[in-house]
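The next block holds one structure in the form of structure tokens; read it before the comments.
Protein chains: 2
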Amino acid sequence: MLPLNPALLSGEDYLFARIAAAAAAEQLRCPHRPVLSLGIGDVTRPIAPVASEAMRTAAAELASEGGQRGYGPAAGYPFLQRAIAARYDGLPCPVTPAEITVTPGSKEAIGALFSLWDCQVPVWVCDPAYPAYRAAAEAAGHPVFSLPCREKDGFLPRPEAVTQPGLIVLCTPNNPTGAAMDLPEMTCWVRFAGESGSLLLVDTAYAAFLTGEALPRSIFAVPGADRCAVEIGSFSKSDGFTGVRCGWVVLPEKTGCGAAWRCRLGSHSNGVSYPVQRAAEAALSPTGLRQRQQALAVYRQNAENMLHAFRQMGLTCAARRPGCEAPYLWVRCPDEQGSWYWFHRLLRECGVVCAPGAGFGTMGEHWLRFTAFGDPRTTAEALRRMTRLFPAKA
Amino acid sequence: MLPLNPALLSGEDYLFARIAAAAAAEQLRCPHRPVLSLGIGDVTRPIAPVASEAMRTAAAELASEGGQRGYGPAAGYPFLQRAIAARYDGLPCPVTPAEITVTPGSKEAIGALFSLWDCQVPVWVCDPAYPAYRAAAEAAGHPVFSLPCREKDGFLPRPEAVTQPGLIVLCTPNNPTGAAMDLPEMTCWVRFAGESGSLLLVDTAYAAFLTGEALPRSIFAVPGADRCAVEIGSFSKSDGFTGVRCGWVVLPEKTGCGAAWRCRLGSHSNGVSYPVQRAAEAALSPTGLRQRQQALAVYRQNAENMLHAFRQMGLTCAARRPGCEAPYLWVRCPDEQGSWYWFHRLLRECGVVCAPGAGFGTMGEHWLRFTAFGDPRTTAEALRRMTRLFPAKA
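One line per chain: the protein sequences are A and B, in this order. Residues 1 to 394 in our numbering are what the first sequence spells out, letter by letter. Residues 1001 to 1394 in our numbering are what the second sequence spells out, letter by letter.
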């Protein structure tokens, strides 16, 4: 047999596949108590009516004589590139439509980006972080190093930890900790990248959960970031598109990587489904932006209820900066037992699924991630069940 | 600046990007004569009404309280896996739904597949062939070798040319030559792969253009292929889905690669858009299969008209096996000049775009590829214009 990519032979399933398998086993063990998930960060609210309507119109077009379309541009249709670029208007680094690539989502974009650089370039990944960063970097053959995100630093990584130039993956607000960078912290990273010859890959999948002005929604809020940063955006969490599949990459020409990226795109992609791109365009219209707020309000309310309930239970939640309404709560395990222990105990005793912090990196051990993307009634019932395990303090 | 992937630094644009740029330049030079394309193999007929309707229904579902869906399975929804697996019913190698991965298309699937093996595994690519095979294999770091497809062999590759085990990329019927393998030839490849420890990656994007029983539509028509072959399928050409984006991979468990493939899928993909998967399911329904015939008949008639016209012009077309109605005509350049010379001459003198054979590999030099996927009136007009350059023989 031909030798396989060694990075794919760990035998260890992707974190969320392990979680799903454990939840399914519990449901079999105890069939009369529905397992409730606060684990995988999947949305539960419908997509915006205007996005659905745009997709339906596009699907009808494709079946009509005059509306048929074949291959779209590999980087996305100009109508969507323009709509996305407009979201960056007014920032210190201008973003042009030609610098936008429409993608099927962040996970797919990150995998593609890692193959853009020589595989000997080191990749720096936050610990804890979304596990696909490390898995995709290793699958592309890169050496991967950890950037510890310690509680005493507000779970934010520190440039001093980077000992050699490379690709530095950041996510703000962070998954799983909910930590969000402010402008001085972002500026510090941009300066460090510029001086060290590193490149920042900034995942903004949760930027819609930032409010106010203190916590920037884009790395391009920092002057000079367009020489040393690539941004990855997604409609998944802001617009309920986890099953629709659409996101984008901003790869500024000033990074000098544009030609190689276009070369890769040409041979690896025929672009994103046309009706999906029309749905994404509609999601960014004034009506779409108004309609998305309904779902976001539900998730924010969930997060608030969870925070309140966890405090009542005597659990410690990671601090959240004002303006950061991240859809994940990062909760310390109540004793010295590990996060998989508490994951299994919550599943067995309450039928509630969370995500064990250890699955996001060694620094995530002794923490649990709870998602606020659930259905409000499911979330309330999960909290009620947890109260039996952690009786409210007097 | 961090070093980029050397395979992406050739500075040479993807073949079809070069063709499109030349066509656009000609349209500017001669604005009153529309440039007519028989170049890029893009479909021009609308998608089936039943596929469009399924996509519209799914888009409406996603916006409803009861119909909302989040992440789908990374390998695709079971409803589509089952519909695709059913297409293999009755073949000597049974294909189960769990062995099907739904993909956004063949190009995307091929890029993903190459990263499944150690990058030192050699990749054998037909010459001439679809240029994305070589580009994607090189981008994944594999050494790439050519399998010459000579006119005297009916433009089919021969196992004797493979001097060390590796991944062998085959496409039947072939793009660009239209050559299709019969069962004994396929059997010969399966036997060779089994004996040498190689693995066949078989692209069947054009299988819908095979009729009758002599030319198999799948490598799994050969007993034992499930131990040494992966098949890549697509809805692009059979169902006009080039802009909808859907295809599939059959990766049999007996190849021993299933676990690594699932590991890669988990960290690189969140599956294909749900409404797209519903459209693909509808395309495989009895109504969808009936409706697709309308478009296929148009393309077949185009191919027939082109073959007739080219012969009238005194041009030599590669022979087509009975039962192979491949949507590409492979035409010998009329003199010793190269294929880019004739590409530019046809473009300049007739305003007609073809694809120069040299773009598909060195063995493609002195040949031109013409696509039958055009609009029938455009195709007829292009043929009329060409007649002025090649007056009909007496």
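Backbone N, C-alpha and C define an ideal beta-carbon position, used for all residues, glycine too. All values derive from a computational prediction rather than experimental measurement.
Burial state of Gln81/A (16 or more Cβ within 10 Å): buried
Own chain, CB closer than 6 Å to Ala1225/B, minus 5 neighbours either side, in chain order: Cys1093, Val1190 and Ile1219
To test your reading of the DSSP string, which unbroken beta strand (DSSP E) runs of 3 or more residues are found completely within the region 1112-1139 of chain B? 1123-1127
Using a threshold of 8 Å, state whether the C-beta atoms of Ala1051/B and Asp1239/B are closer than that. yes
What residues in its chain sit with their C-beta under 7 Å from that of Arg1134/B, if we drop five residues either side in the sequence? Val1125 and Val1144
Is Lys1152/B near the ligand SAM, judged by its Cβ being under 7 Å from some heavy atom? Questions concerning the ligand SAM fall outside what the structure shown contains, since it holds no ligand whatsoever.
I'd like to know whether the C-beta atoms of Val1353/B and Val1035/B end up nearer to each other than 8 Å. yes
Could you give the DSSP three-state label for Phe1235/B: helix, strand or coil? coil
Do you know whose CA, among Leu62/A, Leu183/A and Asp89/A, lies nearest Arg321/A's CA? Leu183/A
In chain order, what residues of the region 1259-1277 of chain B put their CB closer than 9 Å to some CB of chain A? Ala1259, Ala1260, Trp1261, Arg1262, Cys1263, Arg1264, Leu1265, Gly1266, Ser1267, His1268, Ser1269, Asn1270, Gly1271, Val1272, Ser1273, Tyr1274, Pro1275 and Val1276
Using only alpha-carbon positions, find the residue among Ala1007/B, Leu1251/B and Asp1042/B that is nearest to Thr1242/B. Asp1042/B
Just to check my reading of the structure: Tyr1071/B and Gly1271/B have Cβ atoms closer than 8 Å, yes? What is that Cβ distance to the nearest angstrom? 7 Å
What span of residues does the alpha helix (DSSP H) with Arg158/A cover, start to end? Where Arg158/A is concerned, there is no enclosing alpha helix (DSSP H), given that its DSSP letter is neither H nor E.
List, from N- to C-terminal side, the alpha helix (DSSP H) runs of 4 residues or more that fit wholly inside the region 164-223 of chain A. 183-196
Exposure of Arg56/A, with buried meaning 16 or more beta-carbon neighbours within 10 Å: buried
Beta-carbon within less than 7 Å of Phe79/A's beta-carbon, same chain only, minus the 5 sequence neighbours each way: which residues are those? Glu281
Please classify Gly1266/B as buried or exposed, where buried requires at least 16 neighbouring CB atoms within 10 angstroms. buried
Out of curiosity, what's the CA-to-CA distance linking Ala1259/B and Phe1114/B? 15 Å
Between Gln1068/B and chain A, is the shortest Cβ-Cβ distance under 8 Å, so that the two count as touching? yes
Shortest alpha-carbon distance to Gly67/A belongs to which of Pro275/A, Cys263/A, Asp203/A and Leu8/A? Pro275/A
How is Pro94/A classed by DSSP in three states: helix, strand or coil? coil
Please classify Gln291/A as buried or exposed, where buried requires at least 16 neighbouring CB atoms within 10 angstroms. buried
Please name the residue or residues paired with Cys324/A in a DSSP beta bridge. Leu210/A
Jot down the residue ranges of each uninterrupted alpha helix (DSSP H) in the region 10-45 of chain A, minimum 4 residues, whole runs only, in chain order. 15-29
Using the three-state DSSP reduction, which class does Leu1479/B fall into: helix, strand or coil? In the structure displayed, chain B extends from 1001 to 1394; residue 1479/B sits before or after that span and is not available.
For Arg1045/B, does the count of other Cβ atoms within 10 angstroms reach 16, so buried, or fall short, so exposed? buried
List, from N- to C-terminal side, the alpha helix (DSSP H) runs of 4 residues or more that fit wholly inside the region 294-325 of chain A. none
At 9 Å on the CB atoms, spell out the chain B contacts of Asp118/A, in chain order. Leu1002, Pro1003, Leu1004, Asn1005 and Pro1006
Which residue comes first and which comes last in the beta strand (DSSP E) that contains Val1249/B? Gly1247 to Val1250
Excluding the five sequence neighbours on either side, which residues of its own chain have a C-beta within less than 8 Å of the C-beta of Pro127/A, listed in chain order? The sequence given here has Asp at residue 127/A, not Pro. Ser146, Leu147, Pro148, Cys149, Phe360, Gly361, Thr362, Met363 and Gly364, listed in sequence order.
So Trp117/A and Leu167/A are in contact, right, with Cβ under 8 Å, and what is the actual spacing, rounded? 6 Å
Under 9 Å, CB to CB, which of the residues in the region 167-186 of chain A have a partner in chain B? Leu167
Residue environment, Ser236/A, which counts as buried when at least 16 other CB atoms sit within 10 Å: buried
Find the residues of chain B that neighbour Leu199/A, judging by a C-beta separation of less than 9 Å, and give them in chain order. Met1001 and Leu1002
What does the alpha-carbon distance come out to for the pair Gly422/A and Leu2/A? This structure gives no information on residue 422/A, because the portion of chain A shown stretches from 1 to 394.
With a cut-off of 8 Å, does the C-beta of Ala1059/B fall near any C-beta of chain A? yes
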